[in-house]
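Take a look at the structure below.
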Amino acid sequence: MNTRIAVFGTGYLGATHAACMAELGHEVLGVDVDAAKLAKLEAGEVPFYEPGLEEVLKKNVDNGRLRFTASYEEAAQFADVHFIGVGTPQKKGEFAADLTYVHSVIESLAPLLNKPSVIFGKSTVPVGTAQILGERARELAPAGDQVEVAWNPEFLREGYAVKDTLHPDRVVLGIDKTSPRRAEQVAREVYADLLDENIPFIVTDLATAELVKTAANAFLATKISFINAMAEVCEAAGADVTTLADAIGHDARIGRRFLNAGVGFGGGCLPKDIRAFMARAGEIGADEALTFLREVDNINMRRRTRMVELARNVVGGSLLGTRIAVLGAAFKPNSDDVRDSPALNIAGQIQLHGSSVNVYDPKAMDNSRKIFPTLGYSTSASEACQGADAVLVLTEWKEFRELKPAQIEKIVRGKNIIDGRNCLDPELWRSAGWNYRGLGR
Ligand code: UGA
996 MNTRIAVFGT GYLGATHAAC MAELGHEVLG VDVDAAKLAK LEAGEVPFYE
1046 PGLEEVLKKN VDNGRLRFTA SYEEAAQFAD VHFIGVGTPQ KKGEFAADLT
1096 YVHSVIESLA PLLNKPSVIF GKSTVPVGTA QILGERAREL APAGDQVEVA
1146 WNPEFLREGY AVKDTLHPDR VVLGIDKTSP RRAEQVAREV YADLLDENIP
1196 FIVTDLATAE LVKTAANAFL ATKISFINAM AEVCEAAGAD VTTLADAIGH
1246 DARIGRRFLN AGVGFGGGCL PKDIRAFMAR AGEIGADEAL TFLREVDNIN
1296 MRRRTRMVEL ARNVVGGSLL GTRIAVLGAA FKPNSDDVRD SPALNIAGQI
1346 QLHGSSVNVY DPKAMDNSRK IFPTLGYSTS ASEACQGADA VLVLTEWKEF
1396 RELKPAQIEK IVRGKNIIDG RNCLDPELWR SAGWNYRGLG R
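In this text, residue positions in the sequence shown follow the numbering used here: the first is 996, and each later residue adds one.
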């Protein structure tokens, strides 16, 4: 059965969700307040780098199942299933999440709802938010109690957004036990193709659904900080964290994934989500339960400082007047996202120590320039390495993993390479006469 769906917010989450819902055969209207973004999407262009998304978007724009609008009136008339996919960034100067955009969708949409409607929230929100949004929506909507807010958290990873949306590990749905409870049936219809694939479908209450999302990201962040803490111990003990991760990862209870030590996690999700989680736990009287996340955050931020220290050490104790090549700016490969990117943060810190820093990233150059306009930018890895006293690999793009010493050894000033993602072969570089340094190895 095909459903008429409106998706509010056309950022990473919303644009992907809208395109993928159309791909499932539904009629979809993407709604945003940003006219420039809408124009691009209407033309079948994705405003950010996400492998595979443009094809799905174009195809469904062309076949007419996917359209975009700035009009809430149009959305309310067109659809009876609504998804909220707007951002919930960190508040300035606070740990808590800024819920302005989520609230504003409800404030604008609900007064226009005069037929039974289900609103599925997908944005990452502090536990308790869905309940409040549901009450507010019913209060504002002409359809009153016929409006239901359910929570359907999103677990997609940037770089794999289409695959994660069309073939997720699980679908989680939180429903409000006090409202009409159509949400589960509607979700089963919307996600029928996924459920046919036997993807686990977990139906629970609103609070649990909200918490599943934050708990998952908190666990992933903890796993990364755990291995980065082991990296610190390995450095002190002269051991190798990569081999250690391989060895403990063979234990199926531990698992090897997300045990890559390096400059740590960044991006628009993990850092802000663990902070918002701590803030919310405090508000509901459970702050002690999450004090360990402060340490997770600290370990993570310490990796960036450690990288700066290592760079200083390899160039002889002072960065002043040196040239440093930074390979990678995105917070992870296959993405042009530089939000809270460890790579750019490190590049900025090194520049503050008096280095001339040259950054190269295959996709994230424009976004980097916007937030760090004073760094030097190069058009290729080898240009960035020109005259460098040290080369820092800070995002593990395939291009950098496959870099060979011969490609840059004639153009650098010092044969120093620091592998901030432990993604290079130390022997390859050492045998070519380089001073190779990894993190925790
Ligand atoms: C993360 C979660 O993985 C998704 O499940 C979730 O849906 C998403 O946040 C979200 O909340 O929207 P994402 O931010 O795309 O996805 O990135 P990840 O693949 O989780 O990587 C996060 C950071 O951890 C990156 O900076 C990456 O380089 C770093 N990382 C990852 C490590 O340092 N070590 C690892 O072993 C793995």
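For every residue, glycine included, the Cβ atom is placed at its ideal position computed from N, Cα and C.
- In this structure, C1264 has its CB closer than 8 Å to one or more heavy atoms of the ligand UGA.
- Look at T1199 here: in three-state DSSP terms it is strand.
- Residue F1078 holds the alpha-carbon nearest to the alpha-carbon of A1125 among F1078, F1150 and G1154.
- Considered as a whole, the segment 1362 to 1407 harbours 1376 to 1380, 1393 to 1396 and 1400 to 1403 as its complete alpha helix (DSSP H) runs of no fewer than 4 residues, in chain order.
- As for any alpha helix (DSSP H) of minimum length 4 sitting wholly inside the segment 1209 to 1267, the runs are 1236 to 1244, ordered along the chain.
- Ranked by Cα distance from E1391, the options I1345, A1325 and K1405 are led by A1325.
- DSSP, read as helix, strand or coil, puts F1090 in coil.
- If you draw a straight line from the Cα of I1000 to the Cα of V1181, it is about 11 Å long.
- Taking 9 Å as the cut-off, the beta carbon of G1323 is found closer than this to the beta carbon of A1338.
- Between G1123 and E1205, the C-beta gap is smaller than 9 Å, which places the two residues in contact.
- Within 8 Å of the C-beta of S1363 there is not a single heavy atom belonging to the ligand UGA.
- By alpha-carbon distance to E1089, the top candidate from M1273, V1309 and A1385 is M1273.
- For T1064, the beta-bridge partners assigned by DSSP are V1026.
- For A1070, the CB contacts under 6 Å within the same chain, skipping 5 residues up- and downstream, are A1001, L1024 and V1026 in chain order.
- Within 8 Å of the C-beta of K1158 there is not a single heavy atom belonging to the ligand UGA.
- Taking the CA atoms as reference points, R1270 sits about 15 Å from I1279.
- As far as DSSP is concerned, A1013 takes part in no beta bridge.
- One thing to note: C1380 has its Cβ no nearer than 9 Å to the Cβ of V1352.
- Looking from the CA of R1298, the closest CA among A1210, C1264, R1177 and G1435 belongs to G1435.
- Between T1011 and T1160, the beta carbon gap of about 6 Å places them in contact (Cβ cut-off 8 Å).
- For V1258, the shortest separation between its Cβ and any heavy atom of the ligand UGA lies below 8 Å.
- Not a single heavy atom of the ligand UGA lies less than 8 Å from the C-beta of A1213.
- For F1150, the Cβ falls inside the 8 Å cut-off from some heavy atom of the ligand UGA.
- With the rule of 3 Cβ pairs closer than 8 Å, the segment 1050 to 1069 does not count as touching the segment 1089 to 1098.
- D1420 and K1399 have their C-alpha atoms some 10 Å from each other.
- Between the ligand UGA and the CB of T1369, the shortest heavy atom gap is not smaller than 8 Å.
- Counted as a single uninterrupted DSSP element, the alpha helix (DSSP H) harbouring I1294 occupies residues T1286 to V1309.
- Within a 10 Å sphere around the beta-carbon of M996 sit fewer than 16 other beta-carbons, which makes this residue exposed.
- For the segment 1087 to 1175, the full-length alpha helix (DSSP H) segments reaching 4 residues or more read 1095 to 1104, 1124 to 1135 and 1156 to 1161 along the chain.
- Cα atoms of G1047 and S1363: separation of roughly 23 Å, rounded to the nearest angstrom.
- Residue environment: I1345 is assigned as buried (16 or more neighbouring CB atoms within 10 Å of its CB, all protein chains considered).
- In the DSSP annotation of this structure, the continuous segment of the beta strand (DSSP E) that includes A1001 starts and ends at R999 to F1003.
- In this structure, the alpha-carbon of Y1372 lies about 20 Å from that of N1411.
- For L1254, the shortest separation between its Cβ and any heavy atom of the ligand UGA lies below 8 Å.
- Burial is judged here by how many other beta carbons sit within 10 angstroms of a residue's own beta carbon; L1315 has fewer than 16 and is exposed.
- Closest by C-alpha distance to R1152, out of G1343, I1219 and G1262, is G1262.
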